[in-house]
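Numbering (the numbering used here), first residue to last: 18 to 354.
So, in structure tokens, the structure goes:
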């Protein structure tokens, strides 16, 4: 009689079939995956292989879910009870993707205490203190970083087309203002500011030396086609030469950046390895970046000397490639949002 009561209790409590349990396995966690402006898959595999003692080409995942029910009945001072349950399991062989391995690496670095998280929107004095606590050779995750694409990269990627001479001149004049380079909008603004004598939409201007400027910008474009090393040098999106708290350098290959420009607009997260801390009375110069761009940038400056005094592109390049104290050189692994 007690056993019958237990059976009835089980029926009323209810249970799940093995098929129902199996269907609940492998569901997505509901977290939207990030988009990557940059991901160094080779470096991810290098670090992950060292932490794990090697990398497997495929992995076998086993998942198991067990569900149980208890029921009891007390009658006449005698208690009887019973339990029932069901379980389901499944196995699958997966090939890890580059992004999956990056998350594996991020998790291992965090668990081993090798990852330092820094909010770069913090006050400058706090940034200096936080970076001073990061040893060389360990990893950082920088949040709310606003990268700025250098002006010489923006110019190298512009397609001047049939209106090239005016567009090249006008684009050069708009450098350093922290805004995307455009054509007609900058032409009108320069006329109103008295910087140009005349402007006609479609590419006509009275500024001298336009053809020479366009030719020198072609040299910049040729450098960009060689997949050069680009010295990203700020996390506040500002073109100012004076760093905000800590002078940073993130060298990346131009061809490895995503072609989607919106992924570098606004705040991003950077994960990388801090390979050099620049202390007081010290500095670091990124010679490979200077070697890539210096000649072409100086040629553009020399061609445009009538437009603006000073060395606009070559000066910006020197500032980007030089890290002053307090500063840090970080090899990026991933840039994403």
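We put the beta carbon where it would ideally sit given N, CA and C, even for glycine. These numbers were taken from a predicted model, which means no experiment stands behind them.
key: Rounded distance between the beta-carbons of residue 344 and residue 271, thought under 8 angstroms   = As a position in the chain shown, residue 271 is number 254, starting the count at 1. As a position in the chain shown, residue 344 is number 327, starting the count at 1. Between residue 344 and residue 271 the Cβ distance is about 22 angstroms, and since that is not below 8 angstroms, they are no contact.
request  = Please name the residue in 298, 302, 330 whose C-alpha comes closest to that of residue 313.
outcome  = By one-based count along the chain shown, residue 313 stands at place 296. Comparing Cα-Cα distances from residue 313 to each of 298, 302, 330, the minimum goes to 330.
message = Give me the residue from 140, 146, 276, 130 with the minimum Cα distance to residue 161.
response = Within the chain shown, the letter at position 144 stands for residue 161. Shortest Cα-Cα distance from residue 161 to any of 140, 146, 276, 130 involves 140.
query = Leaving out the 5 sequence neighbours to the left and right, which residues in its chain are closer than 7 angstroms to residue 305 when beta-carbon positions are compared?
reply = Working through the chain shown from its first residue, we reach residue 305 at position 288. Excluding sequence positions up to five before and after residue 305, its CB lies within less than 7 angstroms of the CB of 246, all in the same chain and listed in chain order.
query = Between the Cα of residue 242 and the Cα atoms of 291, 175, 297, which residue gives the shortest distance?
reply = Looking up residue 242 in the chain shown gives position 225. Of 291, 175, 297, the residue nearest in Cα terms is 175.
task = Report the residue from 172, 133, 58, 54 whose alpha carbon sits nearest the alpha carbon of residue 239.
result = Translated into positions along the chain shown, residue 239 becomes position 222. If we check each option's Cα against that of residue 239, 172 comes out closest.
query = Among all the DSSP beta bridges, which residues are the ones paired with residue 352?
reply = In the chain shown, counting from the first residue as 1, residue 352 sits at position 335. Under DSSP, residue 352 shares a beta bridge with 55, 287.
ask   = Touch check for the region 273-283 and the region 331-341: three-plus C-beta pairs under 8 angstroms?
value = No, the region 273-283 is not in contact with the region 331-341.
ask   = Does DSSP put residue 155 in a helix, in a strand, or in coil?
value = In the chain shown, residue 155 corresponds to position 138, counting from 1. For residue 155, the three-state secondary structure derived from DSSP is coil.
request  = Taking all protein chains shown into account, decide if residue 157 is buried (16 or more other Cβ within 10 angstroms of its Cβ) or exposed.
outcome  = Against the chain shown, residue 157 aligns to sequence position 140. Residue 157 is buried by the Cβ-count criterion.
task = Look at the Cβ atom of residue 288, then the Cβ atom of residue 350, and state whether they are nearer than 8 angstroms.
result = Taking the first residue of the chain shown as 1, we reach residue 288 at position 271. Taking the first residue of the chain shown as 1, we reach residue 350 at position 333. Result yes, Cβ atoms of residue 288 and residue 350 sit closer than 8 angstroms.
task = State buried or exposed for residue 300, treating a residue as buried only when at least 16 other CB atoms are found within 10 Å of its CB.
result = Looking up residue 300 in the chain shown gives position 283. Taking a 10 Å sphere around the C-beta of residue 300, we find fewer than 16 other C-beta atoms and assign the residue as exposed.
task = Identify whether residue 238 lies in helix, strand or coil by the three-state DSSP scheme.
result = Residue 238 sits at position 221 when you count from the first residue of the chain shown. Here residue 238 sits in helix by DSSP.
query = Alpha carbon to alpha carbon, how far is residue 136 from residue 116?
reply = Sequence index remark: in the chain shown, residue 136 carries index 119 (1-based). Sequence index remark: in the chain shown, residue 116 carries index 99 (1-based). Between the alpha carbons of residue 136 and residue 116 lies a gap of roughly 23 angstroms.
inquiry  = For residue 61 and residue 144, which I take to be in contact (beta-carbon distance under 8 angstroms), what is that distance rounded to the nearest angstrom?
reply    = Working through the chain shown from its first residue, we reach residue 61 at position 44. Working through the chain shown from its first residue, we reach residue 144 at position 127. Not really, about 26 angstroms apart at Cβ, beyond 8 angstroms.
Helix, strand or coil at residue 146 according to DSSP, with G and I counted as helix = Residue 146 sits at position 129 when you count from the first residue of the chain shown. Of the three classes helix, strand and coil, the one that applies to residue 146 here is helix, per DSSP.
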